[in-house]
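Novice:
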Amino acid sequence: MKKKLTIALAKGFLIKDTIELLSKAGIQCRGIQNDSRRLIFDNLDDTYNFLMVRPTDVPVYVAQGAADLGIVGYDILLESEAEVARLLDLQFGYCRLVVAAPQNAGIASVSDLKPFSKVATKFVNITEGFFQGQGLPIEIIKLYGSIELAPLVGLSDVIVDLVATGATLKENGMEVIAEITPSTASLIANPVSYHLNHEILRELTDKLQPLLAGERKLSAK
Amino acid sequence: MPKTNLFNKLKSPPGAKDLLPREVVLRQFIQEQLNTLFLFWGYQPIHTPVFEHYDALVAGLGEDLKDKIFKVVDGHGHILALKPDMTTPIARVAASRLKDEPLPIRLSYQANIFRYDAEQHSHKEFSQAGVELIGSGTSAADTESISLAINAFIALGLDNVQVVMGDQGFLNSYLTSLKLSPVQIQEIRRILAKKDHVELADYIRTNDLNCGKELTGLTRWVGKDEVFMAARKLLTDKEALKKLDNLESIYHLLSALGHEQHIRVDLGMSEDFAYYTGIIFDLYLPGFGLRVGRGGRYDQLLAQYDRPLPAVGFAINLEYVQNYLSKEEKVVFELPVPHCLVVMEEKYRAKGMEIAQGLRDQLNRVELEVLERGPEESKSYAVAKNIPFLIRVGKEILITSLDGGLEKKIPVERLGQIIEGELLADDEVLGAKDSRGQGV
Chain P
9 MKKKLTIALA
19 KGFLIKDTIE
29 LLSKAGIQCR
39 GIQNDSRRLI
49 FDNLDDTYNF
59 LMVRPTDVPV
69 YVAQGAADLG
79 IVGYDILLES
89 EAEVARLLDL
99 QFGYCRLVVA
109 APQNAGIASV
119 SDLKPFSKVA
129 TKFVNITEGF
139 FQGQGLPIEI
149 IKLYGSIELA
159 PLVGLSDVIV
169 DLVATGATLK
179 ENGMEVIAEI
189 TPSTASLIAN
199 PVSYHLNHEI
209 LRELTDKLQP
219 LLAGERKLSA
229 K
Chain D
7 MPKTNLFNKL
17 KSPPGAKDLL
27 PREVVLRQFI
37 QEQLNTLFLF
47 WGYQPIHTPV
57 FEHYDALVAG
67 LGEDLKDKIF
77 KVVDGHGHIL
87 ALKPDMTTPI
97 ARVAASRLKD
107 EPLPIRLSYQ
117 ANIFRYDAEQ
127 HSHKEFSQAG
137 VELIGSGTSA
147 ADTESISLAI
157 NAFIALGLDN
167 VQVVMGDQGF
177 LNSYLTSLKL
187 SPVQIQEIRR
197 ILAKKDHVEL
207 ADYIRTNDLN
217 CGKELTGLTR
227 WVGKDEVFMA
237 ARKLLTDKEA
247 LKKLDNLESI
257 YHLLSALGHE
267 QHIRVDLGMS
277 EDFAYYTGII
287 FDLYLPGFGL
297 RVGRGGRYDQ
307 LLAQYDRPLP
317 AVGFAINLEY
327 VQNYLSKEEK
337 VVFELPVPHC
347 LVVMEEKYRA
357 KGMEIAQGLR
367 DQLNRVELEV
377 LERGPEESKS
387 YAVAKNIPFL
397 IRVGKEILIT
407 SLDGGLEKKI
417 PVERLGQIIE
427 GELLADDEVL
437 GAKDSRGQGV
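So the sequence lines, in the order shown, correspond to chains P and D. Numbered continuously in our numbering, the first sequence closes out at residue 229. Numbered continuously in our numbering, the second sequence closes out at residue 446.
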């Protein structure tokens with residue numbers, strides 16, 4: 009009898025593509041609706057349990073073993089610093105983590121930033137890591153949403169945020185001055201499951217690999 | 007205001023945990039099982055202090071642990087550390103007080119260690135049990151270490167333990183043979199330690215490495231002994247092959263010992279820092295999401311204390327194991343509640359205490375009533391605490407079985423037997439009224 013695996017799925021904008029990809033791989037999720045209050049689902053073959061979870065919580069469920077696998081954006085994964093295995097880049101949900109500044113602030117690149125400039129962001133760890141790598145001390149202002157607002161009201165000089173099309177930034181009179189990393193949906197695994205369910209996971213990644221949409225987009229380094 | 011003060015007095019620092027009797031008893035059971043087992047394998051217990059000099063500790067530790075050390079400053083301004091593991095203190099002792107001991111030295115320990123827990127954002131006190139085998143660089147020593155780790159879990163009733171084995175020496179030789187620079191090797195080891203297959207693929211691409219297949223192989227050589235054959239197809243380097251053969255022979259020896267169901271291989275297994283030099287192994291329990299133990303060979307550590315000697319060992323996280331045991335209800339143990347409560351009338355206090363001591367000498371657990379309350383209240387207390395018998399000492403001695411028995415008058419010499427479970431004969435069902443001085 010095949011063991012039933014639990015996958016934590018990130019609620020929100022990744023769900024549609026996630027379900028589509030799983031479906032192409034022969035895993036038909038039963039009854040998942042993004043706005044439903046139900047949080048646990050299974051698939052037609054009864055081989056998987058699905059947990060609908062807040063994106064920031066996916067790495068936690070997987071690291072602690074409450075889920076064997078997870079599908080979540082790399083930005084969230086990187087920020088969480090969770091001890092999980094990253095098996096695949098699922099090549100959807102493409103965004104970029106960037107440093108952005110107001111258009112007429114005279115900040116065209118990171119080198120234009122003065123030491124101890126204020127950076128507003130949701131991604132504290134990633135921001136700290138990035139600026140440390142740049143050798144620039146900064147002050148981080150942790151926010152939870154609508155980060156683009158911060159420089160407009162003088163709360164910060166620049167922001168570190170996730171950008172998809174760049175429309176929101178543009179609308180708020182901001183522009184990208186540096187790219188930190190691209191981010192796509194990733195398939196992650198709990199380290200214990202990684203070993204104890206290795207054959208099943210290998211089967212799954214082998215099934216998914218040929219179904220992936222396109223080239224892995226690397227950052228411009 | 008007063009409410010806040012009270013809360014502060016009752017609070018413990020983050021990461022500091024009290025263990026109540028039920029938990030302590032389970033902890034003691036675990037410790038006793040492990041101590042006995044370790045002794046059977048020739049390991050003798052060692053204890054080292056909680057405090058170490060930060061400088062002395064850091065000499066031996068890997069990069070990973072340095073940041074996680076709980077530092078304190080003593081009265082003289084010296085920086086001390088609360089020990090983050092037992093391996094480095096043991097290395098220090100092996101290089102000093104044990105330097106004239108015949109080799110190999112086998113030491114075991116149970117200790118509380120202190121580390122920074124990133125998730126809790128604070129330092130945490132952990133309880134660990136483990137062993138170190140110092141002075142032997144052989145694969146026989148490696149095999150012993152893994153075998154002992156497996157037996158440790160079996161001794162605790164956890165025969166589903168899984169050991170995943172790798173070899174840092176093999177990995178280093180293999181990566182070197184691929185003509186990678188030291189910087190590249192370090193990066194790749196870091197990525198492998200994170201088990202980030204995507205970042206590995208990225209690294210191969212951005213650095214335009216032509217050994218992509220060989221590197222990706224490391225993420226595929228995970229499983230049982232089929233891994234060895236698969237790896238050999240891509241291995242040409244003599245050093246790496248030798249180490250792979252060594253690992254395979256350890257695997258087969260462990261299988262021959264009956265441990266096949268417990269062992270797995272992961273040739274891409276890596277430590278992010280240079281602590282381990284040879285075999286490394288992680289310990290897991292199915293259904294538990296976190297690693298419950300880790301071990302490996304660390305041949306460079308004792309050299310840091312001026313006594314170059316090879317060594318191998320492992321440590322088990324007792325918090326996690328205890329957690330698992332209580333959840334899975336794999337161990338049935340008795341919380342040692344008293345066998346009886348002795349209630350004495352004022353005039354018969356001396357007699358009561360004498361009777362209590364007599365029962366204790368017969369290895370019964372006896373509690374004395376020390377509150378001034380009525381017999382019904384004493385009875386409620388005993389029932390609430392799961393104490394099976396109540397003994398009333400007055401002119402007569404009366405015993406009640408608290409799972410619904412009647413009060414019975416009993417000669418003192420029979421008390422012990424009754425508590426140990428001997429049933430009373432039917433003709434002894436009497437009320438206090440009927441008793442007539444039957445030996446007291």
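Think of the CB as a built atom: it goes at the ideal place given N, C-alpha and C, for glycine as much as any other residue.
Using a Cβ-Cβ cut-off of 8 Å, state whether Pro199 of chain P counts as contacting chain D.
Specialist: Yes, its Cβ sits closer than 8 Å to a Cβ of chain D.
Novice: Please report the residue range of the alpha helix (DSSP H) in which Asn252 of chain D lies.
Specialist: Element bounds for Asn252 of chain D: Lys244 to Leu260.
Novice: Is any beta-carbon of chain D found at less than 8 Å from that of Leu151 of chain P?
Specialist: For Leu151 of chain P, the answer is no, since every Cβ of chain D falls outside 8 Å of its Cβ.
Novice: Cβ closer than 8 Å: which chain D residues qualify as neighbours of Leu96 of chain P?
Specialist: Those are His203 and Val204, listed as they occur along chain D.
Novice: According to DSSP, is Ile35 of chain P part of a helix, a strand, or is it coil?
Specialist: Coil, per DSSP.
Novice: Exposed or buried, what is Tyr311 of chain D when buried is set at 16 or more other beta-carbons lying within 10 Å of its beta-carbon?
Specialist: Tyr311 of chain D should be labelled buried.
Novice: Could you name the residues of chain D that Leu204 of chain P contacts, counting a contact when the two beta carbons are closer than 7 Å?
Specialist: Neighbours of Leu204 of chain P on chain D, chain order: Gln168, Tyr290 and Pro292.
Novice: With distance defined between alpha-carbon atoms, name the residue in D:Phe120, D:Val137 and D:Leu139 nearest to Lys130 of chain D.
Specialist: Answer by Cα proximity: D:Phe120.
Novice: Rounded to whole angstroms, how far is the Cβ of Ser133 of chain D from the Cβ of Glu325 of chain D, which I believe are closer than 8 Å?
Specialist: Contact holds; Cβ gap of about 6 Å.
Novice: According to a CB-to-CB cut-off of less than 9 Å, which residues of the segment 226-251 of chain D neighbour chain P?
Specialist: From the segment 226-251 of chain D, only Arg226, Val228 and Gly229 have a Cβ closer than 9 Å to chain P.
Novice: Could you confirm whether any beta carbon from chain D is found closer than 8 Å to the beta carbon of Gly73 of chain P?
Specialist: Yes, Gly73 of chain P lies at the interface with chain D (some Cβ there is under 8 Å from its Cβ).
Novice: Which full runs of the alpha helix (DSSP H) of 4+ residues lie inside the segment 44-114 of chain D, going along the chain?
Specialist: DSSP runs (the alpha helix (DSSP H)) wholly in the segment 44-114 of chain D: 60-66, 69-72 and 93-101.
Novice: Using only CA atoms, which one of D:Ala362, D:His268, D:Leu253 and D:Pro316 lies nearest to Gly141 of chain D?
Specialist: Nearest of D:Ala362, D:His268, D:Leu253 and D:Pro316 to Gly141 of chain D, Cα basis: D:Pro316.
Novice: Return the residue from the list P:Tyr102, P:Val127, P:Val168 and P:Leu163 that minimises the CA-CA distance to Ala221 of chain P.
Specialist: Among P:Tyr102, P:Val127, P:Val168 and P:Leu163, the Cα nearest to that of Ala221 of chain P is on P:Tyr102.
Novice: Beta-carbon separation of Arg483 of chain D and Leu273 of chain D under 8 Å?
Specialist: Look at the range of chain D in this structure, 7 to 446, and you will see that residue 483 of chain D is not part of it.
Novice: Step through the CB atoms of chain P and report whether any lies within less than 8 Å of the CB of Leu273 of chain D.
Specialist: Not closer than 8 Å to any Cβ of chain P, the Cβ of Leu273 of chain D fails to qualify, so no.
Novice: Is it a yes or a no for the segment 154-161 of chain D touching the segment 216-228 of chain D, going by three-plus beta-carbon pairs under 8 Å?
Specialist: Touching, no.
Novice: Using only the alpha-carbon positions, how far apart do Val118 of chain P and Phe49 of chain P sit?
Specialist: Going from the Cα of Val118 of chain P to the Cα of Phe49 of chain P covers about 45 Å.
Novice: Using a Cβ cut-off of 8 Å (strictly closer), state whether Ser194 of chain P contacts chain D.
Specialist: So yes, Ser194 of chain P belongs to the interface.
Novice: Can you name the residues that DSSP bridges to Ile140 of chain D?
Specialist: BP columns for Ile140 of chain D point to D:Ile111 and D:Ala317.
Novice: From P:Ala93, P:Gly153 and P:Ser31, pick the residue whose C-alpha is nearest to that of Leu219 of chain P; which is it?
Specialist: Ranking P:Ala93, P:Gly153 and P:Ser31 by Cα distance to Leu219 of chain P puts P:Ser31 first.
Novice: Does any residue of chain P have a CB that is nearer than 8 Å to the CB of Gly299 of chain D?
Specialist: No, Gly299 of chain D does not count as interfacial toward chain P.
Novice: I need the boundaries of the beta strand (DSSP E) containing Ile405 of chain D, first residue and last residue.
Specialist: Its beta strand (DSSP E) spans residues Ile403 to Ser407.
Novice: Under the DSSP definition of a beta bridge, which residues are partnered with Asp169 of chain P?
Specialist: Asp169 of chain P pairs with P:Val106.
Novice: What residues in its chain sit with their C-beta under 7 Å from that of Leu260 of chain D, if we drop five residues either side in the sequence?
Specialist: Same-chain partners within the cutoff: Thr149, Ile152, Ser153 and Ile269.
Novice: What runs of the beta strand (DSSP E), each 3 residues or longer, lie entirely inside the segment 128-202 of chain P?
Specialist: Counting whole runs of 3 or more residues, the segment 128-202 of chain P contains the beta strand (DSSP E) stretches 146-150, 166-171, 182-191 and 193-197.
Novice: Is the CB-CB distance between Glu156 of chain P and Leu177 of chain P below 8 Å?
Specialist: Cβ atoms of Glu156 of chain P and Leu177 of chain P: closer than 8 Å.
Novice: Spell out the partners DSSP gives Met235 of chain D in its beta bridges.
Specialist: For Met235 of chain D, which the question treats as bridged, DSSP gives no partner whatsoever.
Novice: Would you decide whether His82 of chain D is buried or exposed? Buried here means 16 or more other CB atoms lie within 10 Å of its CB.
Specialist: It is exposed - the Cβ of His82 of chain D has fewer than 16 other Cβ atoms within 10 Å.
Novice: Exposed or buried, which one is Val79 of chain D when buried takes at least 16 other CB atoms within 10 Å?
Specialist: Val79 of chain D should be labelled exposed.
Novice: Got a sec? Which residues, its chain only, sit under 6 Å from Ala388 of chain D by beta carbon, not counting five neighbours each side?
Specialist: Excluding positions up to five away in sequence, the list reads Leu347, Leu396 and Leu408.
Novice: Report the CB separation of Lys19 of chain P from Val70 of chain P in whole angstroms; it is logged as a contact under 8 Å.
Specialist: The Cβ separation is near 15 Å, so there is no contact.
Novice: I'd like to know whether the C-beta of Ala93 of chain P is nearer than 8 Å to at least one C-beta of chain D.
Specialist: Answer yes: the Cβ-Cβ gap between Ala93 of chain P and chain D drops below 8 Å somewhere.
Novice: Can you tell me where the alpha helix (DSSP H) with Asp148 of chain D in it begins and where it stops?
Specialist: Its alpha helix (DSSP H) spans residues Ser145 to Ala161.
Novice: Cβ of Val291 of chain P within 8 Å of Cβ of Leu121 of chain P?
Specialist: No answer is possible for residue 291 of chain P: the residues shown for chain P start at 9 and end at 229.
Novice: Could you pull out every residue in the same chain whose Cβ sits closer than 6 Å to the Cβ of Gly78 of chain P, ignoring the five residues on either side in sequence?
Specialist: Excluding residues within five positions, the ones whose Cβ falls inside 6 Å are Ala16, Val66, Val70 and Ile196.
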